[in-house]
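Structure first, then comments.
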Amino acid sequence: MPVSDVYALVNSVVGQALGTTALTATNAYQLVDMGNAVISSSANTESFMNVLADRIGRTIFTDRAYSAKYQSMILSDMEMGGILQKVSVKLFDAETDSGNTDGAWGLTQGKSVDQWVVNKPEPKQTFFSKRSVYKYHVSVAREQIKSAFTSESAMGQFINYVFQAMQNSIEFSIEQLGRQTMANYIAQVNNSAQASKRVIPLVTNFNTAFAPTTDLTAETALRDPDFLRYATEQINLYSDYLTDMTTAYNDGSIERHTPKSEQRLYVLSSFEKRLETVVQYAAFHKDFVSLNGYETINYWQALESPANINVNIAASTPETVNNVMAVLTDRYALGLAKMDDFVLTTPINASGAYYNVFHHIHRMWVNDLSENGVIFTLG
Numbered sequence: 342m343p344v345s346d347v348y349a350l351v352n353s354v355v356g357q358a359l360g361t362t363a364l365t366a367t368n369a370y371q372l373v374d375m376g377n378a379v380i381s382s383s384a385n386t387e388s389f390m391n392v393l394a395d396r397i398g399r400t401i402f403t404d405r406a407y408s409a410k411y412q413s414m415i416l417s418d419m420e421m422g423g424i425l426q427k428v429s430v431k432l433f434d435a436e437t438d439s440g441n442t443d444g445a446w447g448l449t450q451g452k453s454v455d456q457w458v459v460n461k462p463e464p465k466q467t468f469f470s471k472r473s474v475y476k477y478h479v480s481v482a483r484e485q486i487k488s489a490f491t492s493e494s495a496m497g498q499f500i501n502y503v504f505q506a507m508q509n510s511i512e513f514s515i516e517q518l519g520r521q522t523m524a525n526y527i528a529q530v531n532n533s534a535q536a537s538k539r540v541i542p543l544v545t546n547f548n549t550a551f552a553p554t555t556d557l558t559a560e561t562a563l564r565d566p567d568f569l570r571y572a573t574e575q576i577n578l579y580s581d582y583l584t585d586m587t588t589a590y591n592d593g594s595i596e597r598h599t600p601k602s603e604q605r606l607y608v609l610s611s612f613e614k615r616l617e618t619v620v621q622y623a624a625f626h627k628d629f630v631s632l633n634g635y636e637t638i639n640y641w642q643a644l645e646s647p648a649n650i651n652v653n654i655a656a657s658t659p660e661t662v663n664n665v666m667a668v669l670t671d672r673y674a675l676g677l678a679k680m681d682d683f684v685l686t687t688p689i690n691a692s693g694a695y696y697n698v699f700h701h702i703h704r705m706w707v708n709d710l711s712e713n714g715v716i717f718t719l720g
C-alpha cells in the first residue's frame, strides 16, 4: 500500500488556516487519492517487503438512485388502449331573449315561442397516438464473476448495483426525452401564428417601456436590477392573464382558461439565481406567485447552451429559439403518459452460463398547442 507522509502538508495548511503564513501553493496530490482503474503489482503492495499484494478491505458501490426532472409533466398511467382522446367544447354564443318567436320578452298575442330550435355543441376532438418505444438489456453471469468477490452477499450487492445503474439509465433517458418535449413545445409556439402573443421578448418590451433612458441587450439585461424586477413582474402578470377565458395564449382553436392550480412554471436556473442575487429576494417563491408545480431547469436542451433550443419541428424544418428564460404553461400543454413498462428475463443459457434481462419502455410524449402556454425570452 503506497504511503504518503503528509506532515509538511499538514503544517502548511494549518498555518494558512490560522493566518500565520500567507497563501501558498500546497501539494494536494500528496493527500488526495485519485484512484486507479486496476491494482498495480508494484504500487499496491505491502510496505515491508513490497511483494505481497494488498487485499481489498471494503468495496463501495455508488448506487445512488437518479430521479428524472420534469416530473410535473407526468400524466396518469394509460396502459390499456392505444390512443389518448382529448375532447373540448367551444363556448356558446349568446342569443336574443326578446324576440316574439324565440324569447321570453316581447311576446306577441296569437303567436307561439319555438322551444325546439336545435343548437348543437361544437366539440373539438384531438387524438394522441404516437407511442415512443425503446429498451435496455443487461447480461448477468454469476459463475464467472464469483472470483471477484469475497462473499455471496457482496456479489449480490454488485448485481443489485448493476440493476440500479439500469434504472438510472431509464430515469435519465426519460429526463432527456422530457427536455426534447419541452424544446419541441418552445419551437412550435415560436413558429405558430400566435407567436407574437405567446413569445414574450422581455428585453425588447423593457426597452420600449422605458425608452429612451435604456437600451439593454440580452447580455446586459441580466445585470440590471430594474430589468430583473420587470421580468418578474411580467411573469406574474401573465400568470394572472392565463386565468382569463381567451384564445390569445393558445393556437386560437378554442377558448381556454388556466387556473393558478393548473399552471406549470419552468424557469432556467441561471435566470433564477440571477434574480436571487441581483434583485435579492426569491422572485418565484410560492408566496409571491402561488404556482403549483414550479420547477427549475438547468438547461432546456443542451448543457453547453443552456438557454437555447434547436430542433426540427417537422421534416427539414429546423427551429431555433435563443435566450429562453422561462416557460409558463397549462398542466396539459405538455405531458408524459406511461403506456407500458415491463421486464422480461430469458432462461439461463446452458452453454454460456448467463441470462439476459430486458426492460421495455413504452411512453407517450405530448404537446397540445390548443392549451395555454407562454414563452419568456431575452429577445
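Quick note: to get the numbering used here, add 341 to the position in the sequence shown (first position is 1).
Even for Gly, the Cβ is constructed at its ideal location relative to N, Cα and C.
Within the same chain, show all residues whose beta-carbon is closer than 8 Å to that of residue i, passing over the 5 residues directly before and after it, in chain order.
| i | result |
| --- | --- |
| MET496 | ARG483, ILE486, LYS487, ALA489, PHE490 |
| HIS598 | LEU583, THR584, ASP585, MET586, THR587, ASN713 |
| ASN548 | THR555, ASP556, LEU557 |
| THR686 | TYR696, ASN697, VAL698, PHE699 |
| ALA694 | ALA482, ARG483, GLU484, GLN485 |
Could you pull out every residue in the same chain whose Cβ sits closer than 6 Å to the Cβ of residue i, ignoring the five residues on either side in sequence?
| i | result |
| --- | --- |
| LYS410 | GLU516 |
| THR661 | ASN651 |
| ASP682 | ILE702 |
| SER610 | THR637, ASN639 |
Applying the criterion that 16 or more other CB atoms from any shown protein chain within 10 Å of the CB defines a buried residue, is residue i buried or exposed?
| i | result |
| --- | --- |
| GLU712 | buried |
| PHE699 | exposed |
| PHE629 | At PHE629, the pLDDT of 48 sits below 50, so the modelled position is not reliable; the number obtained from the coordinates is stated separately. By the 10 Å Cβ count, PHE629 comes out exposed. |
| ARG405 | exposed |
| VAL715 | buried |
| TYR590 | buried |
| TRP706 | buried |
| ASP438 | exposed |
| TYR526 | buried |
| LEU677 | buried |
| THR718 | buried |
| THR522 | buried |
| LEU518 | buried |
| ASN531 | buried |
| ALA550 | exposed |
| ASN653 | exposed |
| ASN708 | buried |
| PHE389 | Confidence in PHE389 is poor, its pLDDT being 45 and thus under 50, which makes the residue's placement too unreliable to answer from. |
| ALA691 | exposed |
Please check the pair residue i and residue j, which I expect to be a contact at CB under 8 Å, by giving their CB distance rounded to whole angstroms.
| i | j | result |
| --- | --- | --- |
| LYS465 | ILE595 | 5 Å |
| ILE638 | VAL608 | 7 Å |
| SER533 | LEU710 | 6 Å |
| ILE702 | TYR696 | Between TYR696 and ILE702 the Cβ distance is about 20 Å, and since that is not below 8 Å, they are no contact. |
| GLU636 | SER413 | 6 Å |
| PHE513 | TYR407 | 6 Å |
| LEU664 | ALA648 | Position check: residue 664 holds Asn in this sequence, whereas Leu was assumed. Right, their Cβ atoms sit about 5 Å apart. |
| LEU616 | THR573 | 6 Å |
| GLN535 | GLY593 | 6 Å |
| GLU463 | VAL430 | 7 Å |
Which residue comes first and which comes last in the alpha helix (DSSP H) that contains residue i?
| i | result |
| --- | --- |
| LEU569 | 566-582 |
| SER750 | The displayed coordinates of the chain run from 342 to 720. Any statement about residue 750 would go beyond what the structure contains. |
| THR545 | 543-550 |
| THR561 | 559-562 |
Could you pull the start and end residues of the beta strand (DSSP E) that residue i belongs to?
| i | result |
| --- | --- |
| LYS461 | Premise fails: LYS461 is in no beta strand (DSSP E) and is neither H nor E. |
| LEU669 | 665-671 |
| THR362 | Counting along the chain, THR362 falls outside any beta strand (DSSP E), and DSSP gives it neither H nor E. |
| ARG605 | 604-609 |
| GLU617 | Note, GLU617: premise wrong, no beta strand (DSSP E); not H, not E. |
| ARG704 | 696-708 |
| ALA589 | That residue, ALA589, is in no beta strand (DSSP E); it is neither H nor E in DSSP. |
Among residues of its own chain, excluding the 5 on either side of residue i, which ones have a beta-carbon nearer than 7 Å to its beta-carbon?
| i | result |
| --- | --- |
| MET507 | TYR477, VAL479, HIS700 |
| ILE576 | ALA667, LEU669, PHE717 |
| TRP446 | ASP438, SER439 |
| ALA524 | TRP641, GLN642, ILE650, VAL652 |
| LEU416 | GLY676, LEU677, ALA678 |
| LEU559 | For the record, residue 559 in the displayed sequence is Ala; it is not Leu. So the list reads VAL544, ASN664, LEU719, once near-sequence residues are dropped. |
Validate contact between the stretch 603-613 and the stretch 667-686 using beta carbons, cut 8 Å, 3 pairs
yes
Three Cβ pairs or more, each shorter than 8 Å: is that satisfied between the stretch 540-554 and the stretch 564-573?
yes
Okay, do the stretch 656-663 and the stretch 441-453 touch, 3+ Cβ pairs below 8 Å being the bar?
no
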